[in-house]
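Since the structure comes first, as structure tokens, the remarks are kept for the end.
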Amino acid sequence: MVNLPYRTLTAQARMGEYTTETASGLHPVTSTKTGRSEQYKLVTFTTGDKENPKNFSKPYKWWCTMTVAVTCFSVAFNSAVITADFDAPSRAFGVSQEVSLLCITLFVVGFGVGPMIFAPLSELVGRRLIYASTLLVAVIFIIPCALSKNIQTLLVCRAIDGIAFSAPMTLVGGTLADLWRNEERGVPMAAFSAAPFIGPAIGPLVGGFLSDALGWRWLYWIQLILSGFCYCLITFTVPETYAPAILARRAKKLRKETGNDRYVTEQDLDMRPLGDRLRIFLVRPFQLLFLEPIVLFISLYMSVLYGLLYMFFIAYPIIYMEGKGYSAGITGLMFIPLAVGVLMSAACAPFVNKHYLKLTRKHNGKPPAEIRLIPMMFSCWFIPVGLFIFAWTSYPNVSWAGPMMGGWCVGFGFIFLYNSANNYLVDSYQHMGASALAAKTFIRSFWGASVVLFTIQMYHRLGYQWAGSLLAFIALACCMIPYVFWFKGATIRRRSRYAYAGDEESNTTGPQ
């Protein structure tokens, strides 16, 4: 078997189908699909094919890139905007604060469940249909959230929205890979990677003033407006970019026009039942999570960071509203340095990519996966430093600027860690990269969903300073993870059943 991210191909498949253009648009191939060896015509892109997403004009590529990035921003914004007045449902419906916080928890849980559904489904029907259908469902179910008369309606609709909104977050990385060649992808990926972190930082800022002025239900109406706008953009201006879906449509047209059923794609030659293919996506992520130390500890590290982000949504109101007596709108302004830190680190991404390409040439085009850990080893220290600043400047009589500066440090470290972790997992499990990322997303989402339920109690029982310090000590312990894998990662991969390890990685003491 030949395994590639988001699809598994049979041995008869030609991986060049989706990367190589041919003059005729066809490539002869032999298959035993019918039980005997037969000749088929594998449909490919023609040379300079205008339907090949990698041949789109650069302005149009950027339009598609920014459209999906803005959609991801919208999804992240929706997850956080209600934290500006997270206690509102408890006041409106007479329920406990913990029940009210489930509006955040159930939404984020959907981020972990949805990819298990939409990743394999996109292999069958393409990306465009998944984008359009899930965003439509999500937009529809925002309406009953805004109009809800009881907490049950609000919680059920938030859970559905979380699952539906997970699709853009799941597919956007693949969309960028569809559009951009490897050497072009650094800046577009930086633009995308900032969106999931800027959204949560901007959400409380907008939500604070909105809830003060118009009430908590407008925290949902603003989601409807923004998500509806993104739905129209992505549905009507972004075409199908998934090469197998484009070529499958072309092969179907050729079969219809010629009456010859020998025009096929890789997917047509896959003889396994649908259930077997889906099982790979549902089972393999958990195999990697529990059997692979690299996947387990990188996932735990990313879970700590993701949980920290959602803890901030609760901690900021506690420190500024409860401790200093600020309004929700003014408290939202305190998130600005966090967003600035994210933007500054995203702006550094092209330089990080340039350094990686330099190291790639040094290793003759085959760098060890551990090279991806260099930005991680540098940026990991920003998180505990920022958390200690945030914790010990959170006294009610200390200036509001102290915790804000701590937020900047944390925001600056996020993007470097996030991108490095994703790249390291993909490079370490090249043929199973999608499954490794799915495992990380699953555990990260469930932890991020859980932490909001006990953040208030933690801050009240430990105090502002020691609650923040506890998080800082956890982040400090996690700083050891990239260093351990820098020195031992190659050895771990060589002994692994699933990881990729090339001959060039003979050095067991870390890349030189």
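Going left to right, the sequence shown walks through residues -9 to 502 as this note's numbering numbers them.
Backbone N, C-alpha and C define an ideal beta-carbon position, used for all residues, glycine too.
Chain D contact for residue i (CB, 9 Å cutoff)
i	result
Leu125	This model lacks chain D altogether; it includes just one protein chain.
Limits of the alpha helix (DSSP H) - the one that residue i falls within
i	result
Arg81	Ala78 to Phe83
Lys348	Ala339 to Lys352
Asp417	Ala391 to Ser418
Asp258	Glu256 to Leu259
Ile288	Pro283 to Tyr306
Met106	Gln87 to Val115
Arg484	Met470 to Arg484
Ala66	Lys48 to Ala70
Cα-Cα separation between residue i and residue j, rounded to whole angstroms
i	j	result
Ile309	Arg351	49 Å
Phe378	Asn45	48 Å
Cys62	Ala185	6 Å
Cys468	Pro134	41 Å
Gly104	Leu443	21 Å
Pro374	Ala305	16 Å
Trp456	Ala109	41 Å
Ala381	Gly458	5 Å
Gly417	Phe404	It should be noted that the sequence gives Asp, not Gly, for residue 417. Rounded to the nearest angstrom, the two C-alpha atoms are 20 Å apart.
Thr231	Asn42	8 Å
Phe76	Leu415	35 Å
Phe402	Phe302	15 Å
His345	Arg362	10 Å
Pro79	Trp211	15 Å
Leu145	Phe83	12 Å
Pro283	Ala465	19 Å
Phe436	Cys147	18 Å
Lys430	Ser293	8 Å
Ser47	Ser138	45 Å
Phe97	Gly438	10 Å
Glu360	Leu244	46 Å
Phe187	Phe406	12 Å
Thr383	Ile326	17 Å
Leu290	Tyr296	10 Å
Gly397	Glu312	18 Å
Ala489	Ile364	20 Å
Gly25	Leu259	At Gly25 the pLDDT is 44, less than 50, meaning the model places this residue with poor confidence; the figure from the coordinates comes in the next sentence. Spanning the two alpha carbons is a distance of roughly 12 Å.
Val99	Met367	29 Å
His353	Arg483	18 Å
Phe280	Ser86	36 Å
Ala428	Thr321	34 Å
Three-way DSSP call (helix, strand, coil) for residue i in this model
i	result
Pro(-5)	Summary for Pro(-5): the model assigns pLDDT 30, below 50, so the residue's position carries little reliability, and this model does not support an answer.
Leu443	coil
Met324	coil
Cys370	coil
Tyr490	coil
Asn45	helix
Lys314	coil
Gly355	coil
Ser435	helix
Tyr385	coil
Pro263	coil
Gly453	coil
Per DSSP, cross-strand counterpart(s) of residue i
i	result
Tyr253	Lys31
Distance cut-off 8 Å: residue i Cβ against heavy atoms of the ligand ATP
i	result
Thr321	Ligands displayed in this structure: none; no statement on the ligand ATP is therefore possible.
| Entirely enclosed alpha helix (DSSP H) segments - the stretch 200 to 233, minimum 4 residues | For the alpha helix (DSSP H) assignment, the uninterrupted runs of no fewer than 4 residues enclosed by the stretch 200 to 233 are, from N- to C-terminal side, 208 to 227.
| request: Could you pull out every unbroken alpha helix (DSSP H) segment of at least 4 residues lying fully inside the stretch 129 to 208, listed in chain order? | output: Listed in chain order, the complete alpha helix (DSSP H) runs (minimum 4 residues) inside the stretch 129 to 208 are 141 to 169 and 176 to 204.
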